[in-house]
Every structure is written in structure tokens, then in C-alpha cells.
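To start, the structure under review is shown below, and the notes come after it.
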Amino acid sequence: MKFLSDKAVDRLRQNANAPDLSGTRYQLLERVARGGMGVVYAARDEMLDRRVALKVLDVPVADGDLACRLNREARVLARLEHPGIVPVHDVGTLADGRVFYTMKFVEGQRLDKHIEAVISLPDRLRLFLRICDAVAFAHARGVLHRDLKPANVMVGAFGEVLVMDWGLAKILREQSAGKSEEEDPEATILHVPRASDSPADRTQATHVTGQGTVLGTPGYMSPEQASGDIANVDERSDIFSLGAVLRFLYTPPGCEGNQSRAWRHDKALEAICAKAVETNSSNRYISVSDLSADVSRYLDGLPVSARKETIFDKAVRFYRRHTVAILLIAAYLVMRILLLIFSHR
Amino acid sequence: MAGDQFPVTRWSVIDAVKSEDPAEQVRALDTLFAAYWKPVYKYVRLRWNQPAEDAQDLTQGFFAEVLERDLLAKYDLAKSKLRTYLRLCVDSFVMNQEKAARRQKRGGNATHVALDFQGAEGELAGTTIDAASIPSPESLEEFFEKEWVRSLFALAVEELRKFCAERERERTFRIFEEYDLSGDPEISYEKLAAEYAIAITDVTNALSWARREFRRIALERLREICASDEEFHREARAVFGSDAA
Chain A
41 MKFLSDKAVD RLRQNANAPD LSGTRYQLLE RVARGGMGVV YAARDEMLDR RVALKVLDVP
101 VADGDLACRL NREARVLARL EHPGIVPVHD VGTLADGRVF YTMKFVEGQR LDKHIEAVIS
161 LPDRLRLFLR ICDAVAFAHA RGVLHRDLKP ANVMVGAFGE VLVMDWGLAK ILREQSAGKS
221 EEEDPEATIL HVPRASDSPA DRTQATHVTG QGTVLGTPGY MSPEQASGDI ANVDERSDIF
281 SLGAVLRFLY TPPGCEGNQS RAWRHDKALE AICAKAVETN SSNRYISVSD LSADVSRYLD
341 GLPVSARKET IFDKAVRFYR RHTVAILLIA AYLVMRILLL IFSHR
Chain B
30 MAGDQFPVTR WSVIDAVKSE DPAEQVRALD TLFAAYWKPV YKYVRLRWNQ PAEDAQDLTQ
90 GFFAEVLERD LLAKYDLAKS KLRTYLRLCV DSFVMNQEKA ARRQKRGGNA THVALDFQGA
150 EGELAGTTID AASIPSPESL EEFFEKEWVR SLFALAVEEL RKFCAERERE RTFRIFEEYD
210 LSGDPEISYE KLAAEYAIAI TDVTNALSWA RREFRRIALE RLREICASDE EFHREARAVF
270 GSDAA
């Protein structure tokens, strides 16, 4: 039996893992990233002469749950046509039996890298609002992301924000709707919570078909996800993750993980985060739109729903919102007083 | 090759060794030994700093012990990977051996797999690993895994060679061997095309076919020597996905 050198083993490993694109319209270029269950390569679509991202299972087996999941991820993306969600182009099976799909190749940076160059807090919050737009859209289409984190958001060369890696997405359907054509076997039957619902109603409104599986990323995963309590995983689980992303975004450069050094330790912003990441999901925002509305109000210098203001807070906020006008009026008054004093001498 | 005779209905050696049929048990053990004897031998040489002769003795003794003490039946897949379990069994076996008792006990016919210790010793001489540089359990596990992958790939390459010969695709295998196994940095598709007087696309197709078959065979062998579907997926990811970012 032939001895294989370390180099030969590495080469075999690399070549055996690379997707076999023979018989497809794609030509392999390079490996760009690794997702939750697959590897993403840059490839050239020879028919349309464009660069695409090709995602293929990293486990080189054709069968099983992972292949189904990748297929489902492609279908989930196909139903989510939104500028903030990466569009899928094609799905299929390679000659080596592995499932793949292709999507738009996003030239840009991951959010966690991109924000190192974004110093202004309002600019960071505007990025966050665009993530919220995409997630709110997905929720409206009955899809939960379940793995929202800075590494799963790309910021393109022209500032476009795209939510990526929908491998753990969960397809929900509303109770009133008929049987979905592509029903997720793990699906939670979603009752979209309303403000008028009591907390008990909101937590009991879901029914489950699978329990005990933990999917997500520690630090960004809601407690109900972390404990595998699928019965209680709904929109508010994504809201928890968004709260964690928001907290990450308003931590100034170099201070990640050090909450005490957050920007001015703003109480209103901290209250928004705290409400989004409440341990008890019924105390969180009811919808992503509510969360983004609160962040928008904060950006506009308006009171946020997550925090009751004292008179002092109101005064500070009023001052911040009208700083220029207040300073001009104050300067005018000082000038008038000085003029009065000098004219009476 | 042992894998050729392996019954398709029982894909795991752990299932097969529990079989009532002694012939099936032997085939399963041969499959396992073929994949593991070299990593075990090299591990004993380096980790336990044993001279070649004693390491040969211990390797054969270890596989005899696997049979005698029915160690595979005691394996609990919930606790560890089969590979880790076997490595720990080797450690425990070597620690408990007394040289004299060992020599008395060793008969050597634990397996039908030909153990080419001389070849293994030659491979070991070609490696630059210093036993003193692998003191931690993590690096020992890493070393054992590396040798285990090498052994698995070598078995798969050998089987691919036979597979190509049966289908009169010897040229395909030679192209695969020259491009993927030789480690020659100068080799290119153009050179191979010129050497075999074929088009570059034929070289591409030959390599693509050989790699696909290599992966299929390697995965089949891997599936056989894993105890569960879950372990197989985990090991497949470790074997083929280690270049991951």
C-alpha cells in the first residue's frame, strides 16, 4: 500500500472536499466562507458570465437531514424577495451527490468587521434599522431566521445591508392560513402575538411538532432557543437576537464586551436593548417593527416606549434635540442682558 | 480488501462484531484492523517511546486483546468517538503490560490483515515528529487522528487503484496519482495532457472522476468504521472539512 505524505493527504482532503461542478454551468473560483452547515465558494456562472456565491454542504454526503436543510434554506430564500435579503438564483444536486444553491455574490464585509470603521452611533443605528427591515419582512412572510448575529449580516460596497445564512430558518404559518404547500416538518404553528393579548395568551399560543433541538449561536440565541424549547420559539426569539446585535452595535470600537464603556451609557438605548433581550419572551417587543420604531424614535430624539422618562430626562432629551436653537436663544438672551446692563450705565 | 466483502446490511463494524455469525465478525474486525493498525503502531512507537520490535509486539497484542476482552462490545458511543476510545484502550493496554508476560501471551493471529511493520517503520522514519513535542493529550489525539486519516486515505487510494484496473481506467488512476499524490509542484494539467497525448479537458475529466470515486470509497470505508450515523457525519466533517476557515 502506497505511503501518503502529509502534502498528499492535504491535497486529497482539499480536492475531495471541493464541489464537483462538472455538468453544471458553474466554474469554481475560490472558497470564501463557511456557514453553519455548508461552505460558500465564489463561482462563475458561465452562461450569464457573472460571479455568484455557491453554497454546498461541507459534509460530503448526499443524504440525510443536512441536505434537506440546505434545500429548504434555498426555498426559504426564494420566497423572501427583499433588498435586505440575499437573492437565490439556482438550486440543484452536484455530480458528487451534494446539494447546492447559488445566490448573489455580495462584495462587502461582515457587519462585525464593517462597523470597526463606523464611528458615529447614529450611522450604526441606521444600519441596525435596515437589518430590522429585512427581518420584519421575513416575519411577515412567516419565516424566522433563528441565527441573527453580526457575522450573518453583510454590508455591501455601496452600503447595502444583507441578512445572510438562513440555514436555521424556521418556516411558520398563520393559524388562519390553509395547509402550506411547503410546510416545514419542524414548523411551529404561529399565532402572531397582539398587544391586546395577555402574556399567558402569548406564551400559550404556539403548538409544537419538534422539541429539544438547540440551534443558534450562544450570546445571540434567546433563552427559549438555548434550552431547546421549540414550543416558545417565535418572532420574539429573533427580537432577542436583534437586541443582542443592537447591544453589539452601540458598544464603541475597542470596547466590545465592556458594557460600562458603551456610548455615554445612554439609558434610553440601554432600555431598548434590555426590553429586546428580556429573558421572558412575553416581556420583549411584540414585533420587529415595534423595536425598530423605538430605535427610530431614539434617533429622532423622541421618547422611547421601553423607558418611562423623569422630568429631568425629558429636559435632557429636549436639550439634545434642540441644542442649536437653545444655544442661539441663550446667546441672544445673554446679549440682550449685557446690552441692557451697558445701556443703563 | 476487507471492505469489498462487507455485508451491505450491516454498515457499522460495531454492529457487525456483535453478530452471531463468526465469519461476519472476522470480516468486521479485519476492516477495523486494516484502518487502525498503522496508527496504533506509530502511536505506540512515539507516545510510549517503544523500540520497533516491542511496538510490533504491542500492536499485535493490542488487537488480540480487542478480541479476547471483547473491547468493541464495551464501546459506548455516547461517551466518545470510536477513534478516541481505541486510543485510550491502547494507552491502558500498554500501561498494563509487563514485557515478559507480553512475550508469553502474544501469538499474533488476531487478524487476517497483513501487518507490514517494516513499511510502517519506513513511513515513521520519514516523518519529522519528535515524541517529546507531543506531550499534551490534545496533540496525541491530533497525531493519532492524522495517522488514522492517512491510513484511511491510503486504503481508499489502494481500492481506487483496483477499481480503475477493473474498469480499464489505469491511465485515469495514473493521472490522479501524478497530480494529487506525487506532491510535485511542477505538475500541471498541460504537462499531463502532453505526457499522455490527450486534451486538457480529458485531464480535467479524469481527475474529476477519480476524485469523485476516491471520495465515495473513502466515505464508504469511513462509514464502516464508525459506530453510528452521527459519528460518521462528525468524522466525515473532520476528515474532509479540516481546511475550513
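Going down the list, the protein sequences come from chains A and B.
For what it's worth, our numbering labels the leading residue of the first sequence as 41, then goes sequentially.
For what it's worth, our numbering labels the leading residue of the second sequence as 30, then goes sequentially.
Even glycine gets a Cβ: it sits at the ideal position worked out from N, Cα and C.
Please read these numbers as outputs of a predicted model, since none were measured by experiment.
Within the segment 143-197 of chain A, the complete alpha helix (DSSP H) runs of at least 4 residues fall at 151-154 and 161-180. Contact check for A:Val96 and A:Leu68: beta-carbon distance about 10 Å, past the 8 Å limit, so the pair fails to qualify. The alpha-carbon separation between A:Lys189 and A:Tyr260 amounts to approximately 6 Å. In this chain, the beta strand (DSSP E) harbouring A:Glu70 covers Tyr66 to Arg74. Distance from the CA atom of B:Ala265 to the CA atom of A:Cys172, rounded to whole angstroms, is 37 Å. Per DSSP, A:Leu286 is one residue of the alpha helix (DSSP H) stretching across Glu275 to Leu289. Near chain A, meaning a CB-to-CB distance below 9 Å, the residues of the segment 197-213 of chain B are Glu206, Tyr208, Asp209, Leu210, Ser211 and Gly212.
With contact defined as three or more Cβ pairs closer than 8 Å, the segment 252-269 of chain B and the segment 205-216 of chain B are not in contact. By the Cβ-count criterion, A:Leu379 is exposed, with fewer than 16 other Cβ atoms from all chains shown falling within 10 Å of its own Cβ. Here DSSP, grouped into helix, strand and coil, assigns A:Val139 to strand. Contacts with chain A at 8 Å (Cβ-Cβ) do not include B:Phe146. Boundaries of the alpha helix (DSSP H) harbouring B:Asp44: Val42 to Val46, taken from the DSSP string.
By the rule that beta-carbons nearer than 8 Å mark a contact, A:Leu68 does not touch chain B. Distances from the alpha-carbon of B:Ile229 to those of B:Arg116, B:Tyr218, B:Leu106 and B:Phe62 put B:Tyr218 closest. Sequence-distant partners of B:Leu169 (beyond 5 residues in either direction) whose C-beta falls short of 8 Å from its own C-beta, in its chain, are Tyr72, Arg76, Arg116 and Ile163. When Cβ-Cβ separations below 8 Å define contact, B:Phe91 makes no contact with chain A. Secondary structure remark: continuous beta strand (DSSP E) runs of at least 3 residues inside the segment 304-357 of chain A: none found. Taking the beta carbon of B:Arg250 as reference, no residue of chain A falls within 7 Å; the closest one sits roughly 13 Å away. Residue pairing by DSSP places A:Ile125 opposite A:Val203 in a beta bridge. Distance between A:Ala311 and B:Phe173, taken at the CA atoms: about 52 Å. Under the DSSP definition of a beta bridge, A:Val79 partners with A:Arg74 and A:Val96.
In the structure shown, A:Ile369 adopts helical secondary structure according to DSSP, grouped into three states. Residues are counted here when their Cβ sits less than 9 Å from a Cβ of chain A; for the segment 229-248 of chain B these are Thr233, Asn234, Leu236, Ser237, Trp238, Arg240, Arg241, Phe243, Arg244, Arg245, Ala247 and Leu248, given in chain order.
Here A:Ser321 is buried. Its C-beta has 16 or more other C-beta atoms within 10 Å.
Annotation for B:Met124: the continuous alpha helix (DSSP H) segment containing it runs Leu111 to Asn125.
Under the three-state reduction of DSSP, B:Arg203 is assigned to helix. The CB of B:Phe269 comes closer than 7 Å to the CB of Arg53, Ala56, Asn57 and Pro100 in chain A, given here in chain order. Separation of A:Leu52 and A:Asp98 (C-alpha to C-alpha, rounded to the nearest whole angstrom) is 15 Å. Contact between A:Phe177 and A:His122 is confirmed by a C-beta separation of about 5 Å, below the 8 Å threshold. Taking CB atoms only, A:Phe43 has a neighbour in chain B less than 8 Å away.
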